[in-house]
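Right, one structure below, let's go through it.
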Amino acid sequence: MTESGASESGLTAIVLAGSRAGAADPMAVAAGLSHKALIPIAGKPMITHVLDTLLAVPCIGRILVCIENPSVLDGILPDGVETMDAAQGPSASVLAAIRDCGTPLLVTTADNPLLRPEWVQFFLDDAGSADIAVGVASEAAVTRDVPGTRRTFIRLSDVAFSGCNLFLFRTHASARVAMLWRKVEKERKHPLRMGWLLGPSILLRFLLKRLGTKNLLARILKLTGAQGKFVFMPDGRAAVDVDKPADLVLVRKLMEAA
C-alpha cells in the first residue's frame, strides 16, 4: 500500500457514524440518544466496539470517525482517534475522506459492533490488487453462522450475498466508484432508477436473474475505470449490523454468547 493514505504509521480507516441527511435515527430517538452509534451494547457505546477492533489491527495507523457533531463523542473516543465532519450522506463523506486523507482508505460503519480484528485482516489480505474491494457474506454463510436472522440479500445469478459494511478504496481510481455510489445513493428510494444508472442491460439482466458478479464488476469497470472485487467473508456474522431493533437484540445475544 503505497498511495497517500498509507503513511509510515499504516493504513487510514474511517468510521461512518453520522445520521443520514442530519436526521435523527429512529433507534437513537427510541434510546433517548442523539446518534445510533451511542446505543450501549455490552456495557459500552456501539461505536466503541468498532474502534476497539480497528485499534487491534496492526496495519491500521490512523482512525477517524465521520460525524456531523463530533462533540457527542466527547469522553468516548480512545486516545489517538480523530474526527471529521460528515458530509451529506455516506458516499459524500467517503469522497471527502479520499480528498483529505488519500488512498488506500478502509471504510466501515459505527453500527458494525460485531466486527473483529481477524475479519478486517482477512478482508484487507483478500482485497489483493483491486482498486476497490467490498466485503460481503454469502447467504449460505449467514444462514450457517446466524440461523434465523433476517438480512437483505442481493441475489445475482451465481450467488446471493449481504453487505458487511467493509470497503477498501485502495487506489485513487476508487474515488470514481464513490462518485457513482453518490449518484446511486440519491436514488435509493427508487430501485429502478438505481439500476438504470448502471445501464439498461444491467438492469434487464438483474430483473431476469441473469446478472452475475462478473457482469456487475465488468460494468463498474467500464463506468469508472476501477477494478472491483467482492471479498466473501468467512464468517456470516460479519453481515450483521444494527439497522433495526431486532438487530440490536440479536447483536446483544451474540455478544453474550461469545
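For the sequence shown, the numbering used here assigns the number 920 to the initial residue and increments by one for each residue that follows.
Don't be surprised by glycine CBs; every beta carbon is placed ideally from N, CA and C.
Here the structure is a predicted model, which means the values were calculated and not measured.
Short of 6 Å in beta carbon distance, which residues of its chain neighbour Gly924, apart from the five on each side in sequence? Order them along the chain. The pLDDT assigned to Gly924 is 47, lower than 50, so where the model puts this residue is not dependable; a value taken from the coordinates is nonetheless given after this. Only Thr931, Cys1020, Gly1021, Thr1022, Pro1023, Leu1024 meet the Cβ criterion.
Mapping DSSP to helix, strand and coil, what is Asn1134? helix
Would you kindly report the start and end of the unbroken beta strand (DSSP E) that includes Lys1148? 1147-1151
Proximity winner among Val1053, Ala956, Thr972, relative to Val1150 (alpha-carbon distances): Val1053
Buried or exposed, going by whether 16 or more other CB atoms sit within 10 Å of the CB of Val1013? buried
Would Asp1077 be called buried (16 or more neighbouring beta carbons within 10 Å of its own) or exposed? exposed
Measure the Cβ-Cβ separation of Ala1016 and Cys978 and say whether it is below 8 Å. no
Which residue wins for smallest C-alpha separation from Lys1128, given the options Lys1105, Ala1079, Leu1140? Ala1079
Thr1002 versus Ser1010, Ala1029, Phe1088, residue with shortest Cα-Cα distance: Ala1029
State the start and end residues of the unbroken beta strand (DSSP E) segment that holds Asp1004. 1001-1004
Where do the ends of the alpha helix (DSSP H) carrying Val1039 lie? 1036-1045
Residues of its chain near His968, where Cβ-Cβ distance is below 6 Å and the 5 sequence neighbours each way are ignored: Pro1032
Residue closest to Ile1073, alpha-carbon to alpha-carbon, out of Ala1158, Arg1095, Phe1042, Gly994: Ala1158
Taking Leu1169 as the reference, give the member of Arg1138, Leu1116, Gly1067, Ser1081 with the closest Cα. Gly1067
What does the alpha-carbon distance come out to for the pair Arg1171 and Ala961? 7 Å
Which of the three DSSP states, helix, strand or coil, is assigned to Phe1125? helix
Less than 8 Å separating the beta-carbons of Ile933 and Val1039? no
Report yes if the CB atom of Ala1046 is closer than 8 Å to the CB atom of Lys1148, and no otherwise. yes
Buried or exposed for Glu927, please, with buried defined as at least 16 other CB atoms from any protein chain shown within 10 angstroms of its CB. Interpretation of Glu927 is limited by its pLDDT of 46, a score under 50 that renders its predicted location unreliable; the figure taken from the coordinates is listed afterwards. The residue is exposed, with fewer than 16 neighbouring Cβ atoms inside 10 Å.
Cβ separation of Ala892 and Arg1095, assumed to be a contact under 8 Å, to the nearest whole Å: The first residue shown for the chain is 920 and the last is 1177, placing residue 892 beyond what the model contains.
Per DSSP, which residues does Leu996 bridge with? Please list them. BP columns for Leu996 are empty, so no partner.
Could you pull out every residue in the same chain whose Cβ sits closer than 8 Å to the Cβ of Leu1116, ignoring the five residues on either side in sequence? Leu1099, Lys1102, Val1103, Glu1106
Could you compute how far the alpha carbon of Asn1084 sits from the alpha carbon of Asp944? 18 Å
Buried/exposed call for Arg1070, threshold 16 Cβ in 10 Å: buried
Same chain, Cβ closer than 6 Å to Thr921, five either side skipped, listed in chain order: With a pLDDT of 38 at Thr921, under the threshold of 50, the modelled position of this residue cannot be trusted; read the value that follows with caution. There are no such residues.
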